[in-house]
Amino acid sequence: MSSYGARRAGSVPRSGLLQLRHIPMILMYHGVAEVTEDPNKLCVTPGRFAEQMAWLERHGLQGVGVGSLIDAMRDGRQRGLVGITFDDGYVNVLEAALPELQSHGFGATAYIISGRLGGTNDWDEGPSWPLMSADEVGKLAAAGIEIGSHSATHIRLAGASAGQLAAEVGASRTALAALVGAEIRGFCYPCGSMDATARRAVRDAGYDYACAVEAPVADVGLMALPRIYIGQQDGAARMAVKRRMYRSYIAHRGRRA
Ligand SMILES: [Zn+2]
Numbered sequence: 012m013s014s015y016g017a018r019r020a021g022s023v024p025r026s027g028l029l030q031l032r033h034i035p036m037i038l039m040y041h042g043v044a045e046v047t048e049d050p051n052k053l054c055v056t057p058g059r060f061a062e063q064m065a066w067l068e069r070h071g072l073q074g075v076g077v078g079s080l081i082d083a084m085r086d087g088r089q090r091g092l093v094g095i096t097f098d099d100g101y102v103n104v105l106e107a108a109l110p111e112l113q114s115h116g117f118g119a120t121a122y123i124i125s126g127r128l129g130g131t132n133d134w135d136e137g138p139s140w141p142l143m144s145a146d147e148v149g150k151l152a153a154a155g156i157e158i159g160s161h162s163a164t165h166i167r168l169a170g171a172s173a174g175q176l177a178a179e180v181g182a183s184r185t186a187l188a189a190l191v192g193a194e195i196r197g198f199c200y201p202c203g204s205m206d207a208t209a210r211r212a213v214r215d216a217g218y219d220y221a222c223a224v225e226a227p228v229a230d231v232g233l234m235a236l237p238r239i240y241i242g243q244q245d246g247a248a249r250m251a252v253k254r255r256m257y258r259s260y261i262a263h264r265g266r267r268a
């Protein structure tokens, strides 16, 4: 029997993979830490993160990395899965998020800035937090967390030159693959900044998929997967609203992006 014939009824055919209504919820996090100052609202406390992961489990949802989510979508078995992502590669993802994910048997993807290993988020105005070293990224990968690229230096990619795209998109993939000893399947646009040229560069560099933030609906696809921001304010009630409103939220925000 062909694999096509073996497909379950109601599964997503390949041609339908990119349709918005088939894309499961993908959560966007940055750090998991108690911080005194957080003007960009990048961190959730470990306690809040634990509540959010427990909320997913209580509702029969399984947190997974985006690569696994894409594989599931291809096979039409994405029901009940939620993508969990961490941008920038903060040390606190290894220290605080990983144990909590492991306690639920969840996966996730961490998007790492290949040229800033062991550095800080000095592109942000606001407090400075440490980024994982090469060693720490290796530990996260060894624990089963998918490692993706968040560029080489965290520049905005909309309007970037061919040379910049080669370094930020292509070279970062090669460097991270060497670091973790595995293929790097996912890319994540710094600040969600992208255009058609950037999306093409990501595809041409060999990535399977890329995460955006508020992607224009017309651009939504494997090279621009929309995600929803999850922050400290998101307790059980807000998690329920975000889940229920996910598709209309993505479509609405995407119209303005
Ligand atoms: Zn970032």
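Quick note on numbering: my numbering labels position 246 of the sequence shown as 257, and the sequence is numbered without any gaps.
Each residue gets a CB set at the ideal place from its N, CA and C atoms; glycine is no exception.
Rounded to the nearest whole angstrom, the C-alpha separation of T120 and A221 is 12 angstroms. Here M36 is not bridged, per DSSP, to any residue.
For T131, the secondary structure class from DSSP, reduced to helix, strand or coil, is strand. Here the residues close to ligand 1, judged by CB distance below 6 angstroms to any of its heavy atoms, are D98, D99, H161, H165 and P201 in chain order. Approximately 12 angstroms separates the beta-carbon atoms of G197 and A223; this is outside 8 angstroms, ruling out the contact.
Judged by DSSP in its simplified three-state form, D219 adopts coil rather than helix or strand. Secondary structure at G181: helix, using DSSP grouped into helix, strand and coil.
Rounded to whole angstroms, the separation of the alpha carbons of E157 and G118 is 8 angstroms. Non-local beta-carbon contacts of A108 in its own chain, meaning distances under 6 angstroms to residues more than five positions away in sequence, involve V43 in chain order. Counting other Cβ atoms within 10 Å of its Cβ, V213 reaches 16 or more and is therefore classed as buried. Cβ neighbours of S160 within its own chain (closer than 6 angstroms, five residues either side excluded): S183, R184, L187, I195 and F198. For V55, the closest C-alpha among the options Y40, A65, I34 and G116 is that of Y40. In the structure shown, the three-state DSSP call for Y257 is helix. Its chain contains G246 and A247 as the residues whose beta carbon lies nearer than 8 angstroms to that of E62, once the 5 sequence neighbours on both sides are disregarded; these appear in chain order. Taking 8 angstroms as the upper bound for CB-CB distance, L38 and I95 are in contact here, some 5 angstroms apart.
DSSP assignment within the region 63-136 yields the following whole alpha helix (DSSP H) runs of 4 residues or more, N-terminal first: 77-86 and 109-115.
Burial check for V252: the Cβ neighbour count within 10 Å stays below 16, so the residue is exposed. Listed as beta-bridge partners of V55 by DSSP are V43.
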